[in-house]
Each structure stands twice: as C-alpha cells, then as structure tokens.
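Before any comments, here is the structure.
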Amino acid sequence: MTVLFDPLDEEQLADPIPTYRALREQDPVQRIPVGGGTWVVSRYEDVRRLLRTTAGLMQPPGATVPVELAGGPAERIYRGLMVLNDPPVHTRLRKLTEKAMTRGAVEKLRADVERVASEALDAMLEQGEADAMTELAFTVPLRVICGMLGIPEADRAQMLDWTPDFFRIFLPQANDADGIAACHRACQNFIDYLSEQIEYRRRTPADDIFSALVSAEDEGDRLSRDELVATVLSLLTGGFDTTMGMIGAGVFGLARQPEQLAALREDPAGLARTAVEEFIRWESPVAVTYRHFVEDVTIADTTIPAGEPIWLLLLSANRDDTRFHDPDGFDVRRKPNQHVAFGGGRHHCIGSHLARLEGEVVFAEIARRIETIEITGDSPRRPNFQFRSFTTLPVKMTGRSR
C-alpha cells in the first residue's frame, strides 16, 4: 500500500523520515488532498530541478494569496515577502536588502559572533546542566540578528513568542482554524511593533540594518511600509529560528555520536565549516518549501498543471540515499555535500552566509572548549513539519582542561 503524506499526522510529525523514504521509493510525486489538492515532491534530483526552474512562481503575488490569509493582517505581510515574489518584484526587494547579507558584510561580524558564542558556552558550563536550545541555539543567533537590526534587548523575548505562529503563513493549508487565527494575531503584533520601529528610525536613524532599510533607495525606489515590515520580519525570524534548529541539531548529533565531536576537536578551524554543512543537511531546519508555476511542469513522468501548489520536501531530498551515502547518519567530514537546505535558484536563502558563520563559530568553539556532551533528559521536537527544531535539549557539557 502506497504511503500518503499527511502534514497533520502526529506520527509523521514526530518522525517524518520513514514516510519520506517510502515516498521516494513508491510515489515520488504525490498529490495529497490538502488545500484543494497539493503536489508533494520528495526525491533529491526532482527537488533540486524544481528549485532551479524559472517557469514562474507567484507573479502577480495577489493571484496566489491563500484563501486562509485573505483579508487579514497575514495577507499584508504575505504580499510583501521577498520569498513569495518573482521578478520584477523579487529583484527589486532583493536588490534593496542583500548588501547587508553578503559574505563580506557578514564576515565583519565574526568577532561579535565569537564573543556571543563564548559567553553562551561560559553560561552553560557554569550551570552544569542546561537547555542547549535556550542557552545556546536560541541565544547566539537571536543576539546576533537583533544586534544587526537594532532590536532592543527588552523586546527580544516577545519576538520569540510571536514567531511560531507567524511561520504558519507559509503553509496555511496545513493549519486548522485556530492555527490560522493565531497566525493573523502574530502578524498583527509584528505589524504594530515594527511599524513603531520604522517611525522611530525615520526620526532617529541608527547604524543598523533596520535604519538602512528604512532609508534605502535604488534609483529613487524605496520600500513601502508593508514591504519594510515583511522584509525586516523575514530577516529577523529567518535570522534566528532556522539557525537555532541547525545549532540544536548539531549539539544533539555530537552528543549522540561522541566520535564525531572527537573528529571535530582534532581540527576545529578546518572541520567546523564541513560540520555545519552536514548539520544543515541532516536537520534541514526549513524542511519544506513550495512553488506555484505559471506553466505546466513535468517531473518524474508526472505533469503538474500550472497554478497547482507544489511542496518540495527539502529534508527528504537531503536524506536521499541515491545522492548521499548513509544519509540518516552524519559525518562532520562529509564531502562533497551539495544539500538543498538553503533552497536554490533566485530564492536561495539570503541569510545563508550568516547562518554558516554562526554555525562555524559555535562548533569551532565547542570543539576547542568542550570535552563531552551528555543528553540528560527528553528532547522533543516542535510539532511542525515545515520548520524543524528541538523544543528543549537538556545537556551536561564538560569543559576541557586548558
């Protein structure tokens, strides 16, 4: 019997890997009864091809606003999100924002990231036993991206509270009525808060990315209020949540496989980068992305009609054994590692350089300073098939003698 992908099934939410394996083998392009009919693509080569396909996505954006979001605050943000637009809108938005996220611009933050990571590990070692998600995986990327954007420290915990419900905006068809209502509330909260911050920065600009976006112009073009809110929100939530998932997964993996920590310890500077790529592949913090094509597209002998939604299972693609040896294990030395965790094509993750830098710094610091990592309690994942992360990860870290 062919397995059916169900994004609300509790067993699949807890561990989607067996379902993904069955989909790749039995039904790699599957149509499921979600949102009036949605296609699910699970194999690496098919996902990679569709990520790079330029047959069209969301243009015009208003034509593809899900009915669940129409008429509410979530629609305002949805229309302004860069990832949900194609050229010329996408080109315009990306041109006005990407300067702050280039490899060179991000590299200038290395010393700040090293300081934040060192302070986080100091706190964990002092506590003896601590939640690695709260004290490390969440703290480092949140402090870094909020510092870049100039978000006051007193407001940062509130950002975390609103973020899970905001993320429902990306696949609203997979939510019930309560979930959609929560999404609208979170979007309204972000609109209210960020609108106040925009006005403040118009009056008193600072040396941060947020102020730069408020004043950014390209040949006289500026971001509208809703575009500013959507863009800052994308940078903010994408800048800590997905990196949080990657760091948490890396700590979990190193605790479960101490030989991998030993290998990383032998060459922290040299292996930190490959280790981060492996943690990103293995966890795929953004596990699902999606496309709407304005033309019919044929994949694996199946023709998907124009306009029908397609979910690309990035996590499944990154666990495809036709592409990766021992895909469900992880190896900090894995090369090559051409994963698709950051998407692809024109919608390749704009924050990928920042995520990589933060991961490299954190795991190089762990390799230099930590002798052992022991998981001391349950480590459940949040019940979200699109954005993967542990909710808690209680660990005991033992420091190395210096």
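Quick note on the numbering used here: the sequence shown kicks off at 1 and runs consecutively.
Where is the CB? At the ideal position from N, CA and C, for every residue including glycine.
Note that the structure is predicted; figures quoted are calculated from it, not measured.
Consult DSSP for G71 and reduce its assignment to one of helix, strand or coil. G71: coil per DSSP, three-state reduction.
List the residues that DSSP assigns as beta-bridge partners of D131. For D131, which the question treats as bridged, DSSP gives the partners P394.
Cβ contact (3+ pairs, closer than 8 Å) linking the stretch 311 to 320 and the stretch 282 to 292: The stretch 311 to 320 makes contact with the stretch 282 to 292: 3 or more CB pairs, one atom from each, lie closer than 8 Å.
Hey, could you find the ends of the alpha helix (DSSP H) L233 is sitting in? Per DSSP, L233 is one residue of the alpha helix (DSSP H) stretching across 225 to 256.
Out of curiosity, what's the CA-to-CA distance linking N175 and A186? Roughly 14 Å separates the two Cα atoms.
So, do the stretch 320 to 338 and the stretch 268 to 279 have three or more beta carbon pairs nearer to each other than 8 Å? Yes: at least three Cβ pairs fall under 8 Å.
Residues near E360 in its chain [Cβ-Cβ closer than 6 Å; skip 5 each side]: If the five residues before and after E360 are omitted, its C-beta is found closer than 6 Å to the C-beta atoms of A272, R273, V276, all from its own chain and listed in chain order.
Return the chain-ordered ranges of every alpha helix (DSSP H) run that is complete within the stretch 266 to 323 and spans a minimum of 4 residues. Entirely contained in the stretch 266 to 323, the alpha helix (DSSP H) runs reaching 4 residues are, in chain order, 268 to 283, 314 to 318.
Could you check what DSSP says for T139 in three-state terms: helix, strand or coil? T139 sits in a helix when the DSSP states are folded into three classes.
Host alpha helix (DSSP H) of G188 (start-end): It is Gln, not Gly, that sits at residue 188 in the sequence shown. DSSP places Q188 inside the alpha helix (DSSP H), whose first and last residues are 177 to 203.
To which residues of the same chain is P383 closer than 6 Å at the C-beta, ignoring the five residues directly before and after it? Cβ neighbours of P383 beyond the five flanking positions: L13.
So V144 and D122 are in contact, right, with Cβ under 8 Å, and what is the actual spacing, rounded? That pair is no contact at about 17 Å.
Kindly list the residues whose CB is nearer than 6 Å to the CB of T139, restricted to its own chain and excluding five residues on each side of it in sequence; keep chain order. Within the same chain, T139 has close Cβ partners A120.
Just to confirm the assignment, what range does the alpha helix (DSSP H) spanning R222 have? First-last for R222: undefined, no H or E at that position.
Using three-state DSSP, classify I209 as helix, strand or coil. The answer is helix: DSSP assigns I209 an H, G or I state.
What is the DSSP secondary structure of R31, reduced to helix, strand or coil? Three-state result, R31: strand.
How do the stretch 197 to 215 and the stretch 339 to 358 stand: do at least 3 beta-carbon pairs fall below 8 Å, yes or no? Put simply, the stretch 197 to 215 does not touch the stretch 339 to 358. Fewer than three CB pairs are less than 8 Å apart.
Under 8 Å: do the stretch 388 to 399 and the stretch 235 to 255 share three or more Cβ pairs, one atom per stretch? Segments in contact, yes.
Should the stretch 251 to 260 be regarded as contacting the stretch 144 to 161, the criterion being three or more beta carbon pairs within less than 8 Å? Cβ pair count under 8 Å is below three, so no.
By a C-beta neighbour count over all protein chains shown, 10 Å radius and 16 as the cutoff for buried, is V41 buried or exposed? Note on V41: 16 or more other CB atoms within 10 angstroms of its CB, so buried under the neighbour-count rule.
What residue range is occupied by the uninterrupted alpha helix (DSSP H) comprising T376? Where T376 is concerned, there is no enclosing alpha helix (DSSP H), because DSSP gives it neither an H nor an E.
Please list the terminal residues of the continuous alpha helix (DSSP H) segment that includes T97. Counting along the chain, the alpha helix (DSSP H) containing T97 begins and ends at 89 to 97.
Taking contact to mean at least 3 C-beta pairs separated by less than 8 Å, is the stretch 285 to 303 in contact with the stretch 364 to 378? For the pair of segments examined, the stretch 285 to 303 was found not to touch the stretch 364 to 378: the number of CB pairs separated by less than 8 Å stays below three.
Would you mind stating whether Q173 and V34 have Cβ atoms separated by less than 7 Å? Their beta carbons are under 7 Å apart, which means Q173 touches V34 by this criterion.
Output the boundary residues of the beta strand (DSSP E) element that contains T38. Here the beta strand (DSSP E) through T38 covers 38 to 41.
Under 7 Å, do D46 and I299 count as touching if we go by C-beta distance? Contact check for D46 against I299 passes: the beta carbons are separated by less than 7 Å.
Under a Cβ-count criterion, where at least 16 other Cβ atoms within 10 Å of its own Cβ denotes burial, should V297 be classed as buried or exposed? Around the beta carbon of V297, 16 or more other beta carbons sit within 10 angstroms, so the residue counts as buried.
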